[in-house]
Amino acid sequence: MFLDCGLVDGSESKLCPPWCVTRLDASDARVKISFDWICENGADCGPIKPGGPCYVEGDIKAMASYAFNDYFQKTRPSGGLCDYGEVATLSNKDPSHGACNFMCTPY
Numbered sequence: 001m002f003l004d005c006g007l008v009d010g011s012e013s014k015l016c017p018p019w020c021v022t023r024l025d026a027s028d029a030r031v032k033i034s035f036d037w038i039c040e041n042g043a044d045c046g047p048i049k050p051g052g053p054c055y056v057e058g059d060i061k062a063m064a065s066y067a068f069n070d071y072f073q074k075t076r077p078s079g080g081l082c083d084y085g086e087v088a089t090l091s092n093k094d095p096s097h098g099a100c101n102f103m104c105t106p107y
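For the sequence shown, UniProt numbering gives the first residue as 1, with consecutive numbering after it.
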């Protein structure tokens, strides 16, 4: 079961964390490799395509965060981890922004 937390101000939530996001210190090249793999192997990457609510032109880390989190939330119940080649990390802050809502699974 997935829950759209609807938090868009970056506030912390007691219901939803953690979210899986791109590490700020990860290189764009390494992020792209993991991002491509995630999108080909089960993440819903539709919202990060041009015209989608989570598309951010030229910002691979922002778009990868959406894909990493989507895949993590889907695989978390069966033991999925948030790492993806050391380019992702867990966060207790909701990364949703504008019309782009990051999914979360309640704990």
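Even glycine gets a Cβ: it sits at the ideal position worked out from N, Cα and C.
DSSP state of residue i mapped onto helix, strand, coil
{"i": "Ala88", "result": "strand"}
{"i": "Cys39", "result": "helix"}
{"i": "Lys32", "result": "helix"}
{"i": "Pro106", "result": "coil"}
Extent of the continuous alpha helix (DSSP H) to which residue i belongs
{"i": "Gly75", "result": "The identity of residue 75 in the sequence shown is Thr, whereas the question assumes Gly. Ile60 to Thr75 is the extent of the alpha helix (DSSP H) around Thr75."}
Extent of the continuous beta strand (DSSP E) to which residue i belongs
{"i": "residue 112", "result": "A query on residue 112 cannot be resolved here, the shown segment of the chain reaching from 1 to 107 and no further."}
Identified DSSP bridge partners for residue i
{"i": "residue 132", "result": "Outside the modelled stretch of the chain, which goes from 1 to 107, sits residue 132, for which no answer is possible."}
Anticipated Cβ contact below 8 Å, residue i with residue j, distance rounded
{"i": "Lys61", "j": "Thr22", "result": "4 Å"}
{"i": "Tyr71", "j": "Met63", "result": "No, Tyr71 and Met63 are not in contact; Cβ-Cβ is about 13 Å, not under 8 Å."}
With three or more beta-carbon pairs closer than 8 Å as the criterion, would you say the stretch 84 to 104 touches the stretch 34 to 44?
With a cut-off of 8 Å, the stretch 34 to 44 and the stretch 84 to 104 count as touching, because enough Cβ pairs lie within range.
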